[in-house]
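Student: Residue numbers (our numbering), protein chains in the order written: chain A, 1 to 150; chain B, 151 to 300.
2 protein chains.
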Amino acid sequence: MTTSTNAANDAKAALEEGAALTPRYDANGLITAVVTDARDNEVLMLAHMNAQALKLTLDTGIAHYWSRSRNSLWKKGETSGNLQTVDEIRIDCDQDAVVLKVRVSGADATCHTGRKSCFYRKIVTGNSGSPRLEADSEPLFDPATVYTDH
Amino acid sequence: MTTSTNAANDAKAALEEGAALTPRYDANGLITAVVTDARDNEVLMLAHMNAQALKLTLDTGIAHYWSRSRNSLWKKGETSGNLQTVDEIRIDCDQDAVVLKVRVSGADATCHTGRKSCFYRKIVTGNSGSPRLEADSEPLFDPATVYTDH
Chain A
1 MTTSTNAAND AKAALEEGAA LTPRYDANGL ITAVVTDARD NEVLMLAHMN
51 AQALKLTLDT GIAHYWSRSR NSLWKKGETS GNLQTVDEIR IDCDQDAVVL
101 KVRVSGADAT CHTGRKSCFY RKIVTGNSGS PRLEADSEPL FDPATVYTDH
Chain B
151 MTTSTNAAND AKAALEEGAA LTPRYDANGL ITAVVTDARD NEVLMLAHMN
201 AQALKLTLDT GIAHYWSRSR NSLWKKGETS GNLQTVDEIR IDCDQDAVVL
251 KVRVSGADAT CHTGRKSCFY RKIVTGNSGS PRLEADSEPL FDPATVYTDH
């Protein structure tokens, strides 16, 4: 085995098996965050974090993300009151994604449509054989009255 | 409200509230897939799907992804035997991410390191105040004997 192969293997081992937090941010400086309900692991939303958002989340225990649409730091729930208190953060093998286990304040709703989870529709196969979407949860708050600046 | 604003609102409503599956693939033709254990919702891995992978998954009930590292279609578990049978697929509000609820065959291990989940390390804050990683699960198979072509 060559020296460079050994070095690559050492780096891979450190990334995957080590105790050092070394997030692999993408070209936009982001990692992906999967947000789950700490009570039952239900997936609530998908978001992104830059280094600042991750640090703020670790320091405060309140979830912060990077909003790609607004291009700004995003304290989730600041407008709606549905803040996320973080019980645990886990990182994956290659350190480019995290899972946050959170408890949601306010209406217990994470989606901007007012629903508990952003994943409120399942893909079902209709009689025609082509897939369609079926919603199985209702809004817990009225977005029109909460997001008045949109 | 202008005609173009109305049209944008109609498109947003169709995307978020409609029954039509219209995935918003990114510049690389991909959406993000969060893979969870159908038994307890534990997040197992994060992956990506192109249109072909999504169609194959819907048609066969076995999870297919797009491997960004190998730049090829990826029938998850084809080498290791840890195939994923899909119980349910859900899509998020803006249709750029899906959640797959799966049952894993073989060793019940999803991570290429041999562990059940790719998220086998939690971020903890040590005495020094700086975060470090703590693994809390062990490999269920030996990657060195399973992935012999690497």
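Using N, Cα and C, we set each Cβ at its ideal position, and we do this for glycine too.
1) Starting from the C-beta of G126 of chain A, find all residues in its chain whose C-beta is less than 7 angstroms away, skip the five residues before and the five after it, and write them out in chain order.
2) Of all the CB atoms in chain B, is at least one closer than 9 angstroms to the CB of G77 of chain A?
3) Could you tell me which of A:L44, A:V34 and A:E17 sits nearest to F119 of chain A, measuring between CA atoms?
4) Can you give me, in chain order, the residues of the region 267 to 278 of chain B that have a beta carbon less than 8 angstroms from any beta carbon in chain C?
5) Kindly list the residues whose CB is nearer than 7 angstroms to the CB of H150 of chain A, restricted to its own chain and excluding five residues on each side of it in sequence; keep chain order.
6) Between A:G106, A:R121 and A:I123, which lies nearest to D142 of chain A when the distance is taken from Cα to Cα?
7) Which parts of the region 252 to 281 of chain B are runs of the beta strand (DSSP E), unbroken and 3 residues or longer, counting only runs that do not cross its ends?
8) Within its chain, find whatever has a CB closer than 8 angstroms to the CB of V86 of chain A; leave out the 5 residues flanking it on each side and keep chain order.
9) Taking only beta-carbon atoms, is V249 of chain B less than 9 angstroms away from chain A?
10) Is the CB-CB distance between Y175 of chain B and A197 of chain B below 9 angstroms?
11) Who are the near neighbours of V274 of chain B in its chain, counting only those whose CB is closer than 8 angstroms to its CB and skipping five residues on each side?
12) Run through the region 27 to 104 of chain A for me and flag every whole alpha helix (DSSP H) of 4 or more residues, listed as ranges in chain order.
13) Identify which residue in A:C93, A:L140 and A:A38 has its Cα closest to the Cα of A13 of chain A.
14) Let me know the secondary structure DSSP gives A20 of chain A once reduced to three states.
15) Starting from the Cα of S219 of chain B, find the closest Cα among B:K266, B:E288, B:N178 and B:A247 and give me that residue.
16) Say whether chain A places a C-beta atom closer than 9 angstroms to the C-beta of M195 of chain B.
17) In three-state terms, what does DSSP make of L290 of chain B?
18) Mind checking the region 233 to 244 of chain B against chain A and listing, in chain order, the residues whose C-beta falls within less than 7 angstroms of any C-beta there?
19) Could you compute how far the alpha carbon of M171 of chain B sits from the alpha carbon of D10 of chain A?
20) Taking Cβ-Cβ distances shorter than 8 angstroms, what residues in chain A pair up with G168 of chain B?
21) Could you tell me if R189 of chain B is buried or exposed, where buried requires 16 or more neighbouring beta carbons within 10 angstroms of its beta carbon?
22) What residue from A:A51, A:P23 and A:T79 has the CA that sits closest to T151 of chain A's CA?
23) Just checking R115 of chain A against the ligand COA - is the residue's beta carbon closer than 8 angstroms to any of the ligand's heavy atoms?
24) Report yes or no: is there a C-beta of chain B within less than 9 angstroms of the C-beta of N71 of chain A?
25) Just by C-beta distance, which residues in the region 28 to 53 of chain A are closer than 9 angstroms to chain B?
26) Quick check: Q52 of chain A and L83 of chain A, are their CB atoms within less than 9 angstroms of each other?
27) 9 angstroms is my cut-off, CB to CB: does T148 of chain A come that close to chain B?
28) Would L58 of chain A pass as an interface residue toward chain B - the criterion being a Cβ-Cβ separation below 9 angstroms?
29) Evaluate D187 of chain B with the Cβ neighbour count: other Cβ atoms within 10 Å of its Cβ, from every protein chain shown; 16 or more gives buried, anything less gives exposed.
30) If you check the beta carbons only, do V153 of chain A and P23 of chain A fall under 9 angstroms apart?
Tutor: Quick look at the numbers:
1) R132
2) Taking Cβ atoms only, chain B never reaches closer than 9 angstroms to G77 of chain A, which makes this a no.
3) A:L44
4) This model lacks chain C altogether, as its protein chains are A and B.
5) Its pLDDT being 48, under 50, H150 of chain A is placed unreliably by the model, and nothing is read from it.
6) A:G106
7) 271 to 275
8) T57, G61, I62, A63, L100, K101 and V102
9) Closer than 9 angstroms: yes.
10) no
11) Cβ contact annotation for V274 of chain B (same chain, cutoff 8 angstroms, sequence separation greater than five): P281, R282, L283 and E284, in chain order.
12) 51 to 60
13) A:C93
14) strand
15) Answer by Cα proximity: B:N178.
16) yes
17) The answer is coil: DSSP assigns L290 of chain B none of H, G, I, E or B.
18) E238, I239, R240, I241, D242 and C243
19) It should be pointed out that residue 171 of chain B corresponds to Leu in this sequence rather than to Met. Spanning the two alpha carbons is a distance of roughly 44 angstroms.
20) Under the 8 angstroms cutoff, chain A gives L133.
21) exposed
22) There is no way to answer for residue 151 of chain A, as the model of chain A reaches only from 1 to 150.
23) No copy of the ligand COA occurs in the structure displayed, which carries no ligand at all.
24) no
25) Those would be T32, V34, T36, D37, D40, N41, E42, V43, M45 and L46, in chain order.
26) It is not a contact, given that the beta carbons lie outside the stated cut-off.
27) no
28) yes
29) buried
30) Here chain A covers residues 1 to 150 and nothing more, so residue 153 of chain A does not appear.
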